[in-house]
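Visitor: Handing you this structure, nothing more for now.
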Amino acid sequence: MAQNEKVDVCIVGSGAAGGSLALPLAEAGFKVVVLEVGPWWNPFTDYVHDPLEPGKMRWDMPVTYEGDRVGRAPHSSYGVGGGMNHWTAAVGRFEEEDFKQRTLEGQGQDWPISYAELDPYYRKAEYQLGVSGTNEGVPPGFVRGMAPNPPHKLFYASQVLKRGFDQLGIPSYPGSVAINSRVFAGRPACNYCGGCSKGCPIGAKANTAITHFPTAVKLGTEVRPRSYATEIKVDAQGRAKSVIYVDEDGVEQEQEARIVVVAGWTIESPRLLLNSVSPQFPDGLANSSGLVGRGLTCVLGGRIRGIFDEVIDGFRGFNLNNLESRHFYKTDPQNDYWGGFTFEMSQAGHPMGYANAKGPLWGHDLIEHMKTFRRQTALSVWGRATVSDENRVAVDDTVKDRFGVPVAKIIYHFSDNDKRLSQVAAQRGREIFEAAGAIEVLPDQRVRGSYYLGGIRMGSDPSNSVTDSYGRSHDVRNLFIAGPMLIPAAVGIQPTLTIVAMANRTADFIRRARSEF
Amino acid sequence: MVLNLDRRSFLKGTVVLAGSAFAFVQEMRGHSLVSILIEPQKGSEPILLDSSEILTISAIASQIIPTTDQPGASEVGVVVYVNSKISKDSELRQLYKEGFETVNGTSLGRYRQPFHRLTFDQQKGILQGIEESPFFSRIRRHTVEAFYGSSVGVFVASGQRAGTRHHLCSDNEGFLDVDQKPKF
């Protein structure tokens, strides 16, 4: 195995978390190596807004399942920038109550920090990502963010939707997105092409591949694409010693570091820890609590379409959150379900997807259905799923990848509350569309999630959590986790802004505590 | 490559060379001479389908997305698309082979003609009978992908002209009028 000179920090994963850690550490003079399993995409040639574009950003690493599936893929996008290549850039802060969910609502676990402690880091994140938004229209009692850029104009499709919200007296307002509404930080303004989920070809959408890593590299960080981390080794004292990875030539390498960060998103991160077995950690690295992989949850997803009498051309504009409403977000004991959800305006999509919106129509039925493509728009639901330690990421007993490493096994079951919440959200969405004048409403029939979160939770009690509030392992004092895995409670909005905020806070901690490592 | 076509084979449409880079099939269908010229894309795979399969796919695709006053599946390269899918997946190839056998078997049994020679309504009736089958589900999906993945399909559905790297608008132009009600 080839050896590499010891560095200060080795980060596995180059997405929102990996990038948000790498840059401030590089700025503070740390020598950082980032291992990314995918390539470094070139936005000018590799981002193609074509639904038939083969899923080159989908990692083909196998995963096995027991129970329900959440979302379309068990991996985030593969490539420098990770999920920020495909993300729709909806950003929003969590509400204050979310941080004390166990105490206040009996669900999930409390965060080991309060909203107030994260507030300054939320501001940093909003600035770093160039958030475009406003607090105008946000009702009292809801959190207020900061946006360095003004809000985007309301798309015509959002104006149509807003008629429905207004008619029902439900507050709705321009949502916040990490997409430039004007030139900012040397990046252009959005041109509303709608290609966000295949990668923004002009750099208007925030992505650590363009907002963080180029600067980090100039400051001495080394990004190694096509590098697949398979194991973390510990030394005799039980501290993290090195990351074993397969490099782009297929050669096994060892990278020693004073600090190891696992930022490989929700499924592969616990897999890496569970596969890093040693005499000191027979159940997987950092797993004395037995909780690595447990408490896996998701954000419940759904999409409701409405067809109108008028041409809307709702396929214009960025994909999500041009209009937002958190009216149904907070838990209300009067509801027959726990939790809540956010509504976000959803771009109408591509004809190819719409051809299936009413099932497998064909012939003249399909032709007639497709005539409504220009006359429809959609609302997206982001709902809080229940959190249970029974839902988890484990490693499979028999299936291994082509390097002989056991693959992840996702064990997940939606709860009755998840099903009820999804039903209610679909019903509320229908009402909004009808109030807006829709002649036909097509709700999402299935219970499904958008993507996974949790599984390597933060907490102040080492017997009930894996890390502290910085993502520092209770067991291994030079090992950090970064990303949505840390979140110990249910979430009803996209978590990316929070992930970036947490990573900033962790970077500050590591800078202050440098002499410990 | 030069194809020597005699009149008979020209009309009967049996001029696909196995493994060739392109194919030309021509048939009398009713009173019209139907020509299908499969033109290769840069770097495309050889044509694995024979002439009967080409005609069958083409007929089924025209049922799934018929040509009306707007172009339909006949006007785009469904055959090339299906060919590229089956060339990478032998299980899929088998699914298609079995599907063709079913469809043509039913057609010959019912009307003593291969599927592609039936009337529109006769063809529709046979396909309605296999609507739930994995074969139909797959060929429907491929037809939808080939059609709405083409600039013809995009234009029919959205009125937009696709760019080379962007499917619903010309490259880098975007929709700066996104807040406006469309004018037509």
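Just so you know, the protein sequences line up as chains A and B, in that order. Under this note's numbering, the residue at position 92 of the first sequence is numbered 92, and the numbers go up by one with no gaps. Under this note's numbering, the residue at position 89 of the second sequence is numbered 1089, and the numbers go up by one with no gaps. Here a beta-carbon is modelled for each residue, glycine too, at the ideal position from N, C-alpha and C.
1) Our contact map puts A:Ser181 next to A:Pro150 with C-beta atoms below 8 Å; I'd like the distance itself, whole angstroms only.
2) Tell me the DSSP secondary structure of A:His327 in three-state form.
3) Could you spell out the range, first to last residue, of the beta strand (DSSP E) harbouring A:Val299?
4) Using beta carbons (cut-off 8 Å, strictly below), is B:Glu1173 in contact with chain A?
5) Less than 8 Å separating the beta-carbons of A:Ile267 and A:His75?
6) Leaving aside the five residues before and after A:Gln167 along the sequence, list all residues of the same chain whose C-beta is less than 6 Å from its C-beta, in chain order.
7) Under a CB-based cut-off of 8 Å, is A:Asn391 close to chain B?
8) Can a CB atom of chain A be found closer than 8 Å to the CB of B:Gln1123?
9) By the three-class DSSP mapping on this structure, what secondary structure does B:Lys1085 have?
10) Please report how far the alpha carbon of A:Phe165 lies from the alpha carbon of A:Ile432, in whole angstroms.
11) At what residues does the beta strand (DSSP E) containing A:Ala240 begin and finish?
12) Along the chain, where does the alpha helix (DSSP H) that runs through A:Phe165 open and close?
13) Beta-carbon of A:Leu327 versus every beta-carbon of chain B: anything under 8 Å?
14) Quick check on this structure: which residue in A:Gly106, A:Gly455, A:Leu274 has the alpha carbon closest to the alpha carbon of A:Asp396?
15) By the 10 Å Cβ neighbour count, where 16 or more other Cβ atoms means buried, how is A:Val424 classified, buried or exposed?
16) Within the same chain, show all residues whose beta-carbon is closer than 7 Å to that of A:Pro171, passing over the 5 residues directly before and after it, in chain order.
17) Do A:Ala394 and A:Met370 have their CB atoms nearer than 8 Å?
18) Quick one: Cα of A:Ala286 to Cα of B:Val1154, how far?
19) Evaluate A:Phe44 with the Cβ neighbour count: other Cβ atoms within 10 Å of its Cβ, from every protein chain shown; 16 or more gives buried, anything less gives exposed.
20) Which of the three DSSP states, helix, strand or coil, is assigned to A:Tyr502?
21) For A:Asp418, which residues from the same chain have a beta carbon less than 7 Å from its beta carbon, with the 5 sequence-adjacent residues on both sides left out?
22) Using beta-carbon positions only, say whether B:Lys1181 and A:Tyr192 come within less than 8 Å of one another.
23) How many Å lie between A:Leu23 and A:Ala240 at the Cα?
24) So, are the CB atoms of A:Cys298 and A:Val70 less than 8 Å apart?
25) Buried or exposed: A:Gly250, going by 16 or more other Cβ atoms within 10 Å of its Cβ?
26) If we ignore side chains and look at the alpha-carbon of each, how far apart do A:Ala503 and A:Leu486 end up?
27) In the DSSP assignment, find the unbroken alpha helix (DSSP H) run with A:Arg258 in it and report its ends.
28) Applying a beta-carbon distance threshold of less than 8 Å, which residues of chain A neighbour B:Asp1179?
29) How would you write the range of the beta strand (DSSP E) that A:Gly451 sits in, first residue to last?
30) Using a beta-carbon distance cut-off of less than 9 Å, what residues from the segment 1137–1165 of chain B approach chain A?
31) Return the chain-ordered list of same chain residues with a C-beta closer than 7 Å to the C-beta of A:Gln3, the five sequence neighbours on each side being excluded.
32) At 8 Å on the CB atoms, spell out the chain B contacts of A:Gly370, in chain order.
33) Indicate whether A:Gly284 and A:Val12 have their beta-carbon atoms separated by less than 8 Å.
34) Do A:Phe509 and A:Tyr451 have their C-beta atoms within less than 8 Å of each other?
35) Exposed or buried, B:His1031, counting other C-beta atoms within 10 Å across all chains shown (16 or more means buried)?
36) What does B:Pro1182 touch in chain A if you count any residue whose Cβ is under 9 Å from its own?
Guide: Put simply:
1) 5 Å
2) coil
3) 297–307
4) True, the Cβ-Cβ gap to chain A drops below 8 Å.
5) Between A:Ile267 and A:His75, the CB-CB gap stays under 8 Å.
6) Ala435
7) no
8) At a cut-off of 8 Å between C-beta atoms, B:Gln1123 does not count as an interface residue with respect to chain A.
9) helix
10) 6 Å
11) 240–246
12) 156–167
13) Residue identity check: residue 327 of chain A is His in the sequence provided, not Leu. Output row for A:His327: interface = no.
14) It is A:Leu274 whose Cα lies nearest to the Cα of A:Asp396.
15) Looking at its Cβ environment, which holds 16 or more other Cβ atoms inside 10 Å, A:Val424 is buried.
16) Gly137, Pro139, Ser325, His327
17) Taking a C-beta distance under 8 Å as the contact criterion, A:Ala394 and A:Met370 do not qualify as a contact pair.
18) 52 Å
19) exposed
20) At residue 502 of chain A the sequence reads Met, which differs from the Tyr that was named. Three-state result, A:Met502: helix.
21) Leu300, Ala385, Thr386, Val447
22) no
23) For A:Leu23 and A:Ala240, the gap between their C-alpha atoms comes out near 22 Å.
24) Yes. Within cutoff.
25) exposed
26) Rounded to whole angstroms, A:Ala503 to A:Leu486 spans 11 Å at the Cα level.
27) No alpha helix (DSSP H) contains A:Arg258, which is instead part of the beta strand (DSSP E) from 252–262.
28) Lys153, Leu154, Phe155, Tyr156, Gln159
29) The question names Gly, yet the displayed sequence has Tyr at residue 451 of chain A. A:Tyr451 -> beta strand (DSSP E) spans 448–453.
30) Ser1137, Arg1140, Arg1141, Thr1143, Val1144, Glu1145, Ala1146, Phe1147, Tyr1148, Gly1149, Gly1153, Val1154, Val1156, Ala1157, Ser1158, Gly1159, Gln1160, Ala1162, Gly1163, Thr1164, Arg1165
31) Glu254
32) Sequence check: residue 370 of chain A is Met here, not Gly. Val1156, Ala1157, listed in chain order.
33) no
34) no
35) With a pLDDT of 49 at B:His1031, under the threshold of 50, the predicted position of this residue should be treated as unreliable, though the coordinate-derived value follows. Counting Cβ neighbours within 10 Å, B:His1031 comes out exposed, since fewer than 16 surround it.
36) By Cβ distance, chain A contributes Tyr156, Glu310, Val311, Ile312, Asp313, Arg316, Arg374.
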